[in-house]
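*Asks:* Per this note's numbering, the sequence shown starts with residue 23, numbered consecutively.
Note that CB positions come from ideal geometry on N, CA and C, so glycine has one too.
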Amino acid sequence: MATAVAKKKNAELSTDFVSDMFEDGAEGAVFDADELQIPFLKIAQQMSPELKKSDAKFISGLSAGDFFNTLTSQVYEGQEGVDVIPCMIKTTYKEWIPLEKGGGFVQEFDATDPEIKQAVRKEIGGKRVDELPNGNELVISDDVYCLVVNDGDFEPALITMTSTQRKVAKRWKTRIAMNKERNPKTNKLQVVPIYSTIWKLTTVDETNRNNQTYSNYAVNKVRAIGSEDADLFQEAKSFRKSIVL
């Protein structure tokens, strides 16, 4: 009898605890944007530090060609892929100090900045780079702000597509611009918002000019977000608004 009473009290305490936890909302867990780290979704390459056991960035279970989250260390097998909802794609122009000079980010230029046009394409160490007048490198990338969808859950991440990855980004943007669904009110096809579709990212092997193999993105449409995904749609829409603003 005592055991039964104890179990009942524990159940009541558990229910009260869960109720309090959700009633308190996100108290103490809200921070300014500049206090938070942006989680990146990247492809592990042969020389990635995340594959080296002696490196502080090492991620167990990660292989070349897999995706990984830089914040959570979550691994997604490359051929199996990962589902994402792109919420905004922005082309950025960033100035970097070359690795041989210590490396490091300097600044991001506005797309209309005249400094961008002064960059000169050069081949350094077998790699093509856009060099600024001060000797630093101009790196152009398509930054994809997205939600990673995994087992009914979702989390934000940033994918930066540079160099040869930008050809994939260009095709992806073209497909997004042409992505249509039938409007049930008009029975006509119309282009839908960027955040209304789930896409699958996988990795494929490609070869560069130096005959070196590397992993690149491949993108395929999965499906439009349906009425059963109302929460997911609103989250993706809200995420886009938070970035645009």
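1. When DSSP labels each residue in this structure, what does residue 20 get in the three-state scheme?
2. Just to confirm the assignment, what range does the beta strand (DSSP E) spanning residue 144 have?
3. Helix or strand or just coil, what does DSSP make of residue 133?
4. Evaluate contact between the region 152-170 and the region 179-197, counting only Cβ atoms and requiring at least three cross-stretch pairs below 8 Å.
5. Thinking C-alpha only, which one of 75, 241, 81 and 90 is nearest residue 65?
6. How would you label residue 193, buried or exposed, when you count the other beta carbons within 10 angstroms and need 16 or more for buried?
7. Can you tell me the Cα-Cα spacing of residue 263 and residue 233, whole angstroms?
8. Please state the DSSP three-state secondary structure of residue 169.
9. Per the contact definition of three or more C-beta pairs closer than 8 Å, is the region 168-184 in contact with the region 107-119?
10. Alpha carbon to alpha carbon, what distance is there between residue 62 and residue 76?
11. Around the Cβ of residue 72, are there at least 16 other Cβ atoms within 10 angstroms (buried) or fewer (exposed)?
12. On the criterion of 16 or more Cβ atoms from any shown chain inside 10 Å, does residue 29 qualify as buried, or is it exposed?
13. Applying the criterion that 16 or more other CB atoms from any shown protein chain within 10 Å of the CB defines a buried residue, is residue 213 buried or exposed?
14. Is it buried or exposed, residue 45, if we count other Cβ atoms within 10 angstroms and call 16 or more buried?
15. Identify, in the order they occur along the chain, each residue of the same chain with its Cβ nearer than 8 Å to the Cβ of residue 86, setting aside the five sequence neighbours on each side.
16. Decide if the region 241-250 is in contact with the region 222-230; the criterion is three or more beta carbon pairs, one per stretch, under 8 Å apart.
17. Which one or two residues does DSSP pair with residue 139 in a beta bridge?
18. Determine the contact status of residue 228 and residue 176, defining contact as a CB-CB distance below 9 Å.
19. Which of the three DSSP states is assigned to residue 178 in this structure?
20. May I have the straight-line CA-CA distance separating residue 219 from residue 60, to the nearest angstrom?
*Replies:* By the coordinates alone:
1. Outside the shown range of the chain (23 to 267) lies residue 20, about which nothing can therefore be said.
2. Where residue 144 is concerned, the enclosing beta strand (DSSP E) stretches over 142-146.
3. Residue state for residue 133 is assigned as coil, using DSSP reduced to three classes.
4. Contact between the region 152-170 and the region 179-197 is present: 3 or more CB-CB pairs across the two stretches fall below 8 Å.
5. The residue with the shortest Cα to Cα distance from residue 65 is 90.
6. Label assigned to residue 193: exposed.
7. Taking the Cα positions, residue 263 is about 42 Å away from residue 233.
8. In the structure shown, residue 169 sits in a strand (DSSP, three-state: E or B).
9. These segments touch.
10. Straight across, the Cα-Cα distance linking residue 76 with residue 62 is about 22 Å.
11. By the neighbour-count criterion, in which 16 or more other beta carbons inside 10 Å mark a residue as buried, residue 72 falls on the buried side.
12. Here the model assigns residue 29 a pLDDT of 47, short of 50, so the residue's position is not dependable and the matter cannot be decided.
13. It is exposed - the Cβ of residue 213 has fewer than 16 other Cβ atoms within 10 Å.
14. By the neighbour-count criterion, in which 16 or more other beta carbons inside 10 Å mark a residue as buried, residue 45 falls on the exposed side.
15. Excluding residues within five positions, the ones whose Cβ falls inside 8 Å are 66, 67, 68, 70, 73 and 237.
16. These segments touch.
17. Partner(s): none; residue 139 has no beta bridge.
18. The answer is no: Cβ separation not under 9 Å.
19. Residue 178: strand per DSSP, three-state reduction.
20. Straight-line Cα distance between these residues: approximately 23 Å.
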